[in-house]
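A.B. asks: Below is a structure I'd like to ask you about.
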Amino acid sequence: MKLGDIDVSDSGVFERGVPYEYFAFLRKEHPVSWQSRADGSGFWSVTRYKDIMEVENNVEVFSSETGVSPLDVPEEVLAATVGKMIILSDPPRHGTLRKLIMSGFTPKAISKIEERIRQLAVESIDAIIEKGSCDFHDLAAHMPIEVVADLLGVPAEDRQNLFNWANAMFGGEDPRVAPVGGMHKAQQDMFAYAMQLAVKRRAQPEDDVFSLVANAQQDGEMLSEFDLGCFFLILATAGNETTRTQIVHGAKLLIENPEAAQALREDLTLLPNAIEEMLRVTTPALCFARKAKADYELGGHTIKAGDKVVMWYCSGNRDETVFSEPDKFDVRRTNAREHLSFGHKTGIHRCLGAMLARSELVAMFKELVTRMPDIQLDGEVERLRSNFTNGINHMPVRFSPGKPVNADASVSFYASNACPGAGPQTCPFTGATA
-2 MKLGDIDVSD
8 SGVFERGVPY
18 EYFAFLRKEH
28 PVSWQSRADG
38 SGFWSVTRYK
48 DIMEVENNVE
58 VFSSETGVSP
68 LDVPEEVLAA
78 TVGKMIILSD
88 PPRHGTLRKL
98 IMSGFTPKAI
108 SKIEERIRQL
118 AVESIDAIIE
128 KGSCDFHDLA
138 AHMPIEVVAD
148 LLGVPAEDRQ
158 NLFNWANAMF
168 GGEDPRVAPV
178 GGMHKAQQDM
188 FAYAMQLAVK
198 RRAQPEDDVF
208 SLVANAQQDG
218 EMLSEFDLGC
228 FFLILATAGN
238 ETTRTQIVHG
248 AKLLIENPEA
258 AQALREDLTL
268 LPNAIEEMLR
278 VTTPALCFAR
288 KAKADYELGG
298 HTIKAGDKVV
308 MWYCSGNRDE
318 TVFSEPDKFD
328 VRRTNAREHL
338 SFGHKTGIHR
348 CLGAMLARSE
358 LVAMFKELVT
368 RMPDIQLDGE
378 VERLRSNFTN
388 GINHMPVRFS
398 PGKPVNADAS
408 VSFYASNACP
418 GAGPQTCPFT
428 GATA
């Protein structure tokens, strides 16, 4: 293999599967390398754990204000969102935003919804357990979007729209998920909705995180309605899509590693660590980008001011110098929690919703390993075309039918094939029309 054989800017490569063999080669031979793109632009690929940490923690040199994906953000979008959206902000503004938003993600705040999370996990399995087969992608979608909608105070009648917008925003490179232009249309529609909801929650707060954040103050400052709209977008997308992605990938890992699933059934106390190992092995957000504000030496190369730098978390999570046998899924791995899937634990951009995501994942996999012990793949797995999100569009599975925990359970999953602007869609899983 030669450096010129590798193109991690091509989303089509990732549609076939994360090219871990590329990243293993890069870590060994070219840990920091320039990746050219077809349009003549490019970015620096950073693939080793220690170098990723160096970039992530050096906020004086590496800025988040110009976008966090390998794709370039349109100038008009940047002009409107820099310093407004927490992931597109640098200190000191980032610290102010984080303190205001953290009020909704304290251990106390999360503990208030843990029972609801457990109920949603039970509901998700109840809805399909008698059928003996399903598309696991649809099953995995139910709990994360409901949790996010609860936190944001989104009424039941608006939740299909929320689901559609989030899908389109994360699937913008994949025409099977969103029509051409669907990503930007979804952003506009969700933002307009969020602004309206922000005004309502300021005037009449309710018992939800969005109301709490909308009315929080830090040093006498409150978030503007525009800031709240940006917060809404982040929570509705990242808080939903990454958790759903991890649920699907986690189930796939357990199917492919039945001895690990059996170990969890025999000892559920292993589950929290197994969740960390799932996050390490699969990495729901494959990478994050920064832009150099000054010249900087990294890995024997000079990164020039203005250059884009992409930190490949999916590579850092398999760095042989940090994780022994990094390609092995080991639910007892002692340092699994050192993964980069929530950002590095010392970084200012570490995931605000990590505690929430962990609660959701533990609840879901407790139900899965105990109630669907013989789950198997039942067809081809269709991956998302993206080099940013490690998504799966469809994963058909089969299992022995069982009985619902709640005999009167009635759950309608959201129509995952519905795209904004695509007209009415019928969900093949439930028959529901959206």
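Using the numbering used here, the first residue of the sequence shown is number -2, and each one after it goes up by one. Note that CB positions come from ideal geometry on N, CA and C, so glycine has one too.
Could you check the C-alpha separation between F207 and T93 for me, to the nearest Å?
C.D. replies: Distance between the alpha carbons of F207 and T93: 17 Å.
A.B. asks: Could you say which of E274, P89 and V74 lies nearest to M180 if we only look at CA atoms?
C.D. replies: Cα-wise, what sits closest to M180 is V74.
A.B. asks: Going by DSSP in three states, T423 sits in which element: helix, strand or coil?
C.D. replies: Because the pLDDT at T423 is just 28, under 50, the model does not fix this residue reliably, and the point stays unresolved.
A.B. asks: Taking DSSP's pairing of strands, which residues face G340 in a bridge?
C.D. replies: Partner(s): S338.
A.B. asks: Can you tell me which residues form a DSSP beta bridge with I389?
C.D. replies: Beta-bridge pairing links I389 to R380.
A.B. asks: Give the DSSP-derived three-state secondary structure of G39 in the structure shown.
C.D. replies: Reduced to three states, the DSSP call for G39 is strand.
A.B. asks: Would you call N164 buried or exposed, if buried means 16 or more other Cβ atoms sit within 10 Å of its Cβ?
C.D. replies: With 16 or more other Cβ atoms within 10 Å, it is buried.
A.B. asks: Mind listing, in chain order, the continuous alpha helix (DSSP H) runs of no fewer than 4 residues lying wholly within the segment 40 to 116?
C.D. replies: Counting whole runs of 4 or more residues, the segment 40 to 116 contains the alpha helix (DSSP H) stretches 46 to 54, 72 to 78, 90 to 99 and 104 to 108.
A.B. asks: Kindly list the residues whose CB is nearer than 8 Å to the CB of P269, restricted to its own chain and excluding five residues on each side of it in sequence; keep chain order.
C.D. replies: Closer than 8 Å at the Cβ level, and outside the excluded window around P269, lie R355 and V359.
A.B. asks: Where does D155 fall in DSSP's three states?
C.D. replies: Three-state result, D155: helix.
A.B. asks: How is C311 classed by DSSP in three states: helix, strand or coil?
C.D. replies: Helix, per DSSP.
A.B. asks: Beta-carbon separation of V394 and L374 under 9 Å?
C.D. replies: The answer is yes: Cβ separation under 9 Å.
A.B. asks: If we count Cβ pairs, one from each stretch, closer than 8 Å, do we get three or more for the segment 197 to 207 versus the segment 233 to 241?
C.D. replies: Cβ pair count under 8 Å is below three, so no.
A.B. asks: Quick check: the Cα distance between C131 and I244, rounded to an integer number of angstroms?
C.D. replies: The straight-line gap from Cα to Cα measures roughly 14 Å.
A.B. asks: Is DSSP giving H27 helix, strand or coil here?
C.D. replies: Note: H27 maps to coil in three-state DSSP.
A.B. asks: Would you report the Cα separation of D7 and G313, rounded to the nearest angstrom?
C.D. replies: So the alpha carbons of these two residues sit roughly 19 Å apart.
A.B. asks: Looking only at its chain, what residues have a beta carbon closer than 8 Å to the beta carbon of A28, apart from the 5 residues adjacent to it on each side?
C.D. replies: Per the sequence shown, residue 28 should be read as Pro rather than Ala. Hits under 8 Å: V43, T44, R45, D48 and G296.
A.B. asks: Buried or exposed, going by whether 16 or more other CB atoms sit within 10 Å of the CB of E112?
C.D. replies: Label assigned to E112: exposed.
A.B. asks: For E434, count the other beta carbons within 10 Å of its own beta carbon; 16 or more makes it buried, fewer makes it exposed. Which is it?
C.D. replies: Residue 434 is absent from the structure shown; the chain starts at -2 and stops at 431.
A.B. asks: If you reduce the DSSP assignment to three classes, tell me which class R199 lands in.
C.D. replies: Helix.
A.B. asks: Which residue wins for smallest C-alpha separation from F223, given the options E357, T239 and F188?
C.D. replies: Measuring from the Cα of F223, the nearest candidate turns out to be F188.
A.B. asks: Assuming contact is defined by CB atoms lying nearer than 9 Å, are V15 and L283 in contact in what I supplied?
C.D. replies: A contact, by the Cβ cut-off of 9 Å.
A.B. asks: Spatial neighbours of E51 within its chain, please: C-beta separation below 8 Å, excluding the five flanking residues on both sides.
C.D. replies: If we look at E51 and ignore the five residues flanking it on each side, its Cβ neighbours are L295.
A.B. asks: Please identify the residue among V5, K(-1) and L0 whose C-alpha is closest to the C-alpha of S383.
C.D. replies: For the residues V5, K(-1) and L0, the minimum Cα distance to S383 belongs to V5.
A.B. asks: To the nearest angstrom, how far is it from the Cα of T343 to the Cα of N54?
C.D. replies: Near 7 Å, if we compare the C-alpha coordinates of N54 and T343.
A.B. asks: Would you say D69 and K305 are within 9 Å of each other, going by their C-beta atoms?
C.D. replies: In contact: D69 and K305 (Cβ atoms closer than 9 Å).
A.B. asks: Between the alpha carbons of M192 and E357, how many angstroms are there, rounded?
C.D. replies: Taking the straight line from one Cα to the other gives about 27 Å.
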